[in-house]
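Student:
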Amino acid sequence: MHTPKRMKSTYTMVLMNAEGLLEQASGDFASRHEAYEFAARTGRSVLRCEEEGARSRYSPGKIRGLLPGAPAASLDTISFTHDLAVLVHAGVTVQAALRALTQREKSGAVRGHLLELARHVDSGLSLSEAMRRSSGASQLLVATIAASEQTGDLATGLLRYARHQESLRAVRERVVGACVYPLLLLCVGSLVVALLLGIVVPRFATLVEINNRELPYLSYLLMAWGRWAGAHPFVGGAVILAAVISVVAALFRMRDPAVRRRWLQRVPGFAKLAREFQHLQMYRTAAILTSRGITVHQALAYCLELLNPADGQRLRAAITAMREGVAISPALANAGLSDVIASSMLSVAEQTGSLPEMLDRIADFYEQSLRRSIDLVSRLIEPVMMILFGIIIGGIVILMYLPIFDLASSIS
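In this text, residue positions in the sequence shown follow the working numbering: the first is 5, and each later residue adds one.
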């Protein structure tokens, strides 16, 4: 039997030769495994292998640049920390790794970030201090690098940070994906309602005589609105324009994270999901920092900016209690920052001394719970919105035709 050939794709690889020098090569291979075999036959080690058409290395991507409030070109810390960890683990110095990553980057803005970082390191600063002075570095990344520098295990710390951020990004993308269709449905449904009320109803009302007829109250109001809007032609355009302006203004205001958070908190069920996501970030961040040797109350202090104001106050109270000698399990439970399952796992960690691993498991538990909740909400909200707009649009159409039905019955 003839076996069809597999389509080949172009792979770009960052390689290290026998002398320890970095090289970049590209070629057409049937799979990533074949690309690795090609590099092994030539006596070179693969540090990174990307299929052509995949996401850009350190820029967040074209889609992120189109989102409100997101910069089009900024350092993608996930790819950056992963690549830097691979190079450092292979024995490349931090200075040489930064120079290699800078030479490979094509984006001007991102290249400028890397050049600034490399200059700070070349001047004698540690990587954590250089990241602290560079704009855009998160406190978690700086703290992770600083703690890893003290333990002498920088590559492991960078890889843990990259995995942490990649997990959070996957959850965020799942949330965004679940919101895209309902948002699109809301915009289209609002415009359809505006067209009905601004154009269709006024024209229809001029053809139907509603005086001296017994009509349902809602139908009478709709026809009265249509006749008034028909007598004032600018009203229809004003209704449509107001709907468009409202949508644009809402999207513009959503650029502000505080406004976005306040609006989303009003969505039924979203406040619980947002709080679960914040707790997931808190436990994952604490796991990374405690695994690097940072004390638990110091690690939790870095999590204050991840929580809403109310939970932030509760976490401050829990940190104060821990500094006074209270164990982490009752401190977080009394503050309302851990449920029964998390408290049980923390109690076990206190007995076994495996706090970083247990914090990671708690974060995994919250992540799985959050994924299930997002799937459930996304499956419910779409049919609910479709039913809602179906009732509104169908109700308008039925109320429009009731005068015709009344006229037909009177004629018969």
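Heads up, the beta-carbon is just placed ideally off N, CA and C, and yes, glycines get one too.
(1) With distances taken from CA atoms, which of Ala314, Leu284, Arg45 and Ser348 is nearest Gln372?
(2) Is the beta carbon of Ala147 sitting closer than 7 Å to the one on Tyr306?
(3) Which residue wins for smallest C-alpha separation from Asp157, given the options Leu219, Val92, Glu55 and Ile332?
(4) Going by C-alpha distance, which of Ile292, His86 and Ser132 is nearest Lys153?
(5) Check this for me: beta carbons of Met390 and Pro186, under 7 Å apart or not?
(6) Classify Thr160 as helix, strand or coil using the three-state DSSP reduction.
(7) When we look at the beta-carbon of Pro8 and count the other beta-carbons within 10 Å, is it buried (16 or more) or exposed?
(8) If I follow the unbroken alpha helix (DSSP H) through Ser351, where does it start and stop?
(9) Any chance the segment 306-321 sits against the segment 343-363, with 3 or more Cβ pairs inside 8 Å?
(10) With Tyr221 as the anchor, note down where its alpha helix (DSSP H) starts and where it stops.
(11) Does DSSP put Tyr40 in a helix, a strand or coil?
(12) Grouping DSSP H, G and I as helix and E and B as strand, with all else coil, what is Tyr15?
(13) Just verifying my parser: in three-state terms, what is the DSSP assignment at Gly116?
(14) Which residues in the same chain as Arg115 place their Cβ atom closer than 8 Å to its Cβ, once the five residues preceding and following it in sequence are excluded?
(15) Alpha carbon to alpha carbon, how far is Ser30 from Glu309?
(16) Note the first and the last residue of the continuous alpha helix (DSSP H) segment covering Ser130.
(17) Take Ile385 and list the residues in its own chain whose beta-carbon comes closer than 7 Å to its own, dropping the five residues that flank it on each side.
(18) Would you report the Cα separation of Asp379 and Ala182, rounded to the nearest angstrom?
(19) What residue from Gln169, Leu403 and Leu374 has the CA that sits closest to Leu200's CA?
(20) Following the continuous alpha helix (DSSP H) through Asp80, name the residue where it begins and the one where it ends.
(21) Which whole-angstrom value is the C-beta distance of Asp32 and Thr46, which I expect to be below 8 Å?
(22) Measuring only the C-alpha atoms, how far is Ala367 from Gly95?
(23) By the 10 Å Cβ neighbour count, where 16 or more other Cβ atoms means buried, how is Gly69 classified, buried or exposed?
(24) Closest to Leu163 by C-alpha separation, out of Ile149, Ala174 and Thr155, would be which residue?
(25) Candidates Ile249, Val300 and Leu304: which alpha carbon is nearest Ser194's?
(26) One question on the structure: do Met227 and Ala209 come within less than 7 Å of each other, judged by their Cβ atoms?
(27) Buried or exposed for Phe1, please, with buried defined as at least 16 other CB atoms from any protein chain shown within 10 angstroms of its CB.
(28) Alpha carbon to alpha carbon, how far is Leu225 from Gly399?
(29) When you compare each of Leu222, Leu88, Ile345 and Gly316 to Ile396 by their alpha carbons, which one comes out closest?
(30) Expressed to the nearest angstrom, what Euclidean distance is found between the alpha-carbon atoms of Arg36 and Ala113?
(31) On a Cα-Cα basis, can you pick out the residue from Ser138, Gln282 and Arg266 that is closest to Gly316?
(32) When DSSP builds the beta bridges, which residues end up paired with Phe33?
(33) Return the residue from the list Leu190, Arg231, Asp343 and Leu119 that minimises the CA-CA distance to Arg279.
(34) Which residues share a DSSP beta bridge with Cys53?
(35) Is Ala122 closer than 7 Å to Leu102 when the C-beta atoms are compared?
(36) If you drop the 5 nearest sequence neighbours on each side, which residues of the same chain put their C-beta closer than 6 Å to that of Val251?
Tutor: On the basis of the supplied data:
(1) In terms of Cα proximity to Gln372, the closest of Ala314, Leu284, Arg45 and Ser348 is Leu284.
(2) Using a Cβ distance threshold of 7 Å, Ala147 and Tyr306 count as a contacting pair.
(3) Val92
(4) Note that residue 153 is Glu in the sequence shown here, rather than Lys. The shortest CA-to-CA distance from Glu153 to any of Ile292, His86 and Ser132 is the one to Ser132.
(5) no
(6) Here Thr160 sits in helix by DSSP.
(7) Residue placement at Pro8 cannot be trusted, given a pLDDT of 47 that sits under 50; what the coordinates show is reported in the next sentence. Exposed, since its Cβ has fewer than 16 Cβ neighbours within 10 Å.
(8) Start and end: Val344 to Thr356.
(9) The segment 306-321 is not in contact with the segment 343-363.
(10) Tyr221 to Ala235
(11) helix
(12) strand
(13) helix
(14) Thr106 and Glu109
(15) For Ser30 and Glu309, the distance between alpha carbons rounds to 42 Å.
(16) Counting along the chain, Ser130 falls outside any alpha helix (DSSP H), and DSSP gives it neither H nor E.
(17) Pro186
(18) 8 Å
(19) Leu403
(20) Looking at the DSSP string, Asp80 is not in any alpha helix (DSSP H), and its letter there is neither H nor E.
(21) Contact flag wrong, Cβ pair sits at about 16 Å.
(22) Near 32 Å, if we compare the C-alpha coordinates of Gly95 and Ala367.
(23) At Gly69, the pLDDT of 33 sits below 50, so the modelled position is not reliable and the matter cannot be decided from this model.
(24) For the set Ile149, Ala174 and Thr155, the Cα lying nearest the Cα of Leu163 is the one of Ile149.
(25) Ile249
(26) yes
(27) Any answer about residue 1 is impossible in this case: the structure gives the chain only from 5 up to 416.
(28) 13 Å
(29) Measuring from the Cα of Ile396, the nearest candidate turns out to be Leu222.
(30) 30 Å
(31) Gln282
(32) Ser13
(33) Asp343
(34) Met17
(35) Yes; because the gap between Cβ atoms is below 7 Å, this pair is in contact.
(36) Cys191
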